[in-house]
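Participant: Pasting a structure below so you can have a look.
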Amino acid sequence: MDPLNPDSFNHKFATINGTTIHYVDEGTGPVILCFHGFPDLWYGWRKQIPYLVSLGYRVIAPDTHGYGQTDAPKDLKAYGAKNIVNDFVSLLDTLNIREAVWAGHDWGGNIAWRAALWHPERVIGVISYCTPYFLSPEKYIPLDESAAQIPELSYQLYFGRAETTHEFNKELPLLIRALFRPRNEFLSMNIFSPIVPVEQRTLTDVKGLELSGLLTQQQYEYYISELEKNGMEGPLNYYRVYQINWEDEHEAGLLMGKIDKPCMMVTAGYDAALPAEWVEHMLQFAPNMTQEHIKESGHWILNEQPESSNNAFAKFLKHLEDSGFVKK
Numbered sequence: 011m012d013p014l015n016p017d018s019f020n021h022k023f024a025t026i027n028g029t030t031i032h033y034v035d036e037g038t039g040p041v042i043l044c045f046h047g048f049p050d051l052w053y054g055w056r057k058q059i060p061y062l063v064s065l066g067y068r069v070i071a072p073d074t075h076g077y078g079q080t081d082a083p084k085d086l087k088a089y090g091a092k093n094i095v096n097d098f099v100s101l102l103d104t105l106n107i108r109e110a111v112w113a114g115h116d117w118g119g120n121i122a123w124r125a126a127l128w129h130p131e132r133v134i135g136v137i138s139y140c141t142p143y144f145l146s147p148e149k150y151i152p153l154d155e156s157a158a159q160i161p162e163l164s165y166q167l168y169f170g171r172a173e174t175t176h177e178f179n180k181e182l183p184l185l186i187r188a189l190f191r192p193r194n195e196f197l198s199m200n201i202f203s204p205i206v207p208v209e210q211r212t213l214t215d216v217k218g219l220e221l222s223g224l225l226t227q228q229q230y231e232y233y234i235s236e237l238e239k240n241g242m243e244g245p246l247n248y249y250r251v252y253q254i255n256w257e258d259e260h261e262a263g264l265l266m267g268k269i270d271k272p273c274m275m276v277t278a279g280y281d282a283a284l285p286a287e288w289v290e291h292m293l294q295f296a297p298n299m300t301q302e303h304i305k306e307s308g309h310w311i312l313n314e315q316p317e318s319s320n321n322a323f324a325k326f327l328k329h330l331e332d333s334g335f336v337k338k
């Protein structure tokens with residue numbers, strides 16, 4: 011496995027509930043599922059997969075629905091957390107795996123947390139990078155109302171617009187250059203500015219932006235080629251299913267649900283998208299949580315600070331082993 015060469019990893023496919031899922035499958039031993047965020051791929055875990063395998067684990071890192079070589083369903087409900095978790099539980103069934111450690115970054119963190127709600131019997135523990143556990147409230151709150159209270163969320167309204175899909179598809183290389191940046195550089199773009207009206211946001215203000223040091227030219231071209239396969243409709247659908255997620259959890263009686271599994275929350279000191287202080291509420295709803303803070307990192311914590319990210323993961327796995335949750 012060479013993190014610089016995506017072809018050096020073991021790529022597999024499975025058709026699950028009508029959706030063909032692409033995933034990388036490496037190693038032997040207890041299973042870790044690794045979920046990426048927006049606009050990432052399985053490849054976001056390229057610096058963790060070899061390390062976790064060296065610790066004696068089997069790592070499965072998929073492209074989630076709508077990304078890369080995984081199908082992009084047309085039905086918006088397919089992007090709801092319930093459906094995605096169910097599909098990956100079905101993948102575990104197909105692979106004869108009873109349970110796994112669920113890991114996530116960005117939107118992948120939400121998948122991992124929701125797995126512990128929907129299918130706790132299939133979850134050994136949860137480790138999330140940057141993404142806290144957000145409870146579904148007792149009453150549904152539309153995103154525009156949430157953004158009015160927390161202006162930093164207003165970019166999600168922009169991401170949810172149909173016009174944004176067309177713009178991102180047209181400007182995909184620019185989008186990748188703009189979003190994969192260290193620390194909080196991307197905040198200078200008006201697409202994230204809480205004071206720019208949603209309908210006035212555009213990528214055009216960063217035309218000519220150079221590629222940052224987070225990606226090599228080869229990696230940049232890989233992201234472009236993989237995300238071009240399905241376009242950006244599927245990835246942006248994750249910003250359009252808030253009501254679907256709330257209704258599913260309301261119907262199942264999971265609102266305000268606690269996470270009883272062992273879990274670790276890893277925060278970044280310079281993550282403007284998901285600030286570290288957003289985890290302050292979590293202990294009352296995730297009583298078995300430990301926390302690691304990587305101060306010198308922005309949002310792309312797995313790539314910016316791989317050694318610290320890996321050390322946090324190893325610490326969590328050691329806790330699971332010592333507590334008897336993982337048997338090797």
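Here the numbering used here is used: the first residue of the sequence shown is 11, the next is one more, and so on.
Ideal Cβ positions, reconstructed from N, Cα and C, are used throughout, including at glycine.
Tell me Ile31's beta-bridge partners as DSSP assigns them.
Facilitator: Ala24, per the DSSP bridge assignment.
Participant: Taking one C-beta from the region 257 to 267 and one from the region 168 to 184 each time, how about it: are there three or more such pairs within less than 8 Å?
Facilitator: These segments do not touch.
Participant: Report yes if the C-beta distance between Gly37 and Tyr67 is below 8 Å; otherwise report no.
Facilitator: Yes; because the gap between Cβ atoms is below 8 Å, this pair is in contact.
Participant: With the cut-off set at 8 Å, would you say Asn200 and Val208 are in Cβ contact?
Facilitator: No.
Participant: Going by other Cβ atoms of all chains shown within 10 Å of its Cβ, with 16 needed for buried, is Phe23 buried or exposed?
Facilitator: When all chains shown are included, Phe23 counts as exposed.
Participant: Please determine if the region 107 to 121 and the region 38 to 52 are in contact, where contact requires at least 3 C-beta pairs separated by less than 8 Å.
Facilitator: The answer is yes - the region 38 to 52 touches the region 107 to 121, with three or more Cβ pairs under 8 Å.
Participant: Is the distance from the Cβ of Met274 to the Cβ of Ile137 below 8 Å?
Facilitator: Yes, Cβ-Cβ distance for Met274 and Ile137 is below 8 Å.
Participant: Give the straight-line distance between the Cα atoms of Pro204 and Tyr249, rounded to the nearest whole angstrom.
Facilitator: Approximately 17 Å between the Cα atoms of the pair.
Participant: The alpha helix (DSSP H) spanning Trp256 covers which residue range?
Facilitator: Element bounds for Trp256: Tyr252 to Glu261.
Participant: For Asn245, which residues from the same chain have a beta carbon less than 8 Å from its beta carbon, with the 5 sequence-adjacent residues on both sides left out?
Facilitator: Correcting the residue type first, residue 245 is Pro in the shown sequence and not Asn. Result list for Pro245: Phe48, Pro49, Gly76, Tyr77 and Leu237, in chain order.
Participant: Among Ile42, Trp128, Ser100 and Ser146, whose alpha-carbon lies nearest the alpha-carbon of Val251?
Facilitator: Of the listed residues, the one whose Cα sits closest to Val251 is Ser146.
Participant: Using the Cα positions of Ala324 and Val41, report the straight-line distance between them to the nearest angstrom.
Facilitator: Distance between the alpha carbons of Ala324 and Val41: 14 Å.
Participant: Does the count of Cβ pairs from the region 51 to 67 and the region 152 to 163 closer than 8 Å reach three?
Facilitator: Short answer: they don't touch.
Participant: Can you look up Gly114 in the DSSP assignment and give me helix, strand or coil?
Facilitator: Here Gly114 sits in strand by DSSP.
Participant: Which term fits Thr214, buried or exposed, when burial requires 16 or more other beta carbons within 10 angstroms of its beta carbon?
Facilitator: So Thr214 counts as exposed.
Participant: Among Arg56, Thr25 and His32, which has the Cα closest to the Cα of Ser18?
Facilitator: Per the Cα distances, Arg56.
Participant: In chain order, what residues of the same chain have a beta carbon less than 8 Å from the beta carbon of Ala110, not counting five sequence neighbours either side?
Facilitator: The answer, listed in chain order, is Pro40, Val41, Ile42, Leu43, Ile70, Leu102, Arg132, Val133 and Ile134.
Participant: Have a look at Ala286, Lys84 and Ile107 and flag the residue whose alpha-carbon is nearest the alpha-carbon of Asn240.
Facilitator: Among Ala286, Lys84 and Ile107, the Cα nearest to that of Asn240 is on Lys84.
Participant: Can you find the residues in the same chain that come closer than 8 Å, C-beta to C-beta, to Leu167, ignoring five residues on each side of it along the sequence?
Facilitator: Hits under 8 Å: Leu153, Asp154, Ala157 and Val208.
Participant: Tell me which residue opens and which closes the alpha helix (DSSP H) that Tyr150 is part of.
Facilitator: Looking at the DSSP string, Tyr150 is not in any alpha helix (DSSP H), and its letter there is neither H nor E.
Participant: On the premise that Ala322 lies in contact with Glu302, defined as a C-beta separation below 8 Å, what is that separation, rounded to the nearest angstrom?
Facilitator: Glu302 to Ala322, Cβ: 4 Å. Contact.
Participant: Taking Asn120 as the reference, which of Asp97, Arg108, Glu148 and Gly90 has the closest Cα?
Facilitator: Of Asp97, Arg108, Glu148 and Gly90, the residue nearest in Cα terms is Gly90.
Participant: Rounded to whole angstroms, what's the CA-CA distance from Thr29 to Pro192? Just pull it up for me.
Facilitator: Thr29 and Pro192: Cα-Cα distance of roughly 34 Å.
Participant: With DSSP as the reference, label Thr226 as helix, strand or coil.
Facilitator: Here Thr226 sits in coil by DSSP.
Participant: In the DSSP assignment, the beta strand (DSSP E) including Tyr143 goes from what residue to what residue?
Facilitator: Per DSSP, Tyr143 belongs to no beta strand (DSSP E) and is neither H nor E.
Participant: Which residue wins for smallest C-alpha separation from Asn298, given the options Tyr280, Lys268 and Glu314?
Facilitator: Of Tyr280, Lys268 and Glu314, the residue nearest in Cα terms is Lys268.
Participant: Quick check on the DSSP output: the alpha helix (DSSP H) that includes Gln342 runs from which residue to which?
Facilitator: As shown, the chain starts at 11 and ends at 338. That puts residue 342 outside it, with no answer to give.
Participant: Using a Cβ-Cβ cutoff of less than 8 Å, which residues in the same chain neighbour Ile234 once the five nearest sequence positions on both sides are dropped?
Facilitator: Correct list, in chain order: Leu182, Pro183 and Ile186.
Participant: Does the separation of the CB atoms of Tyr232 and Tyr53 fall below 8 Å?
Facilitator: In this structure, Tyr53 lies closer than 8 Å to Tyr232 by Cβ.
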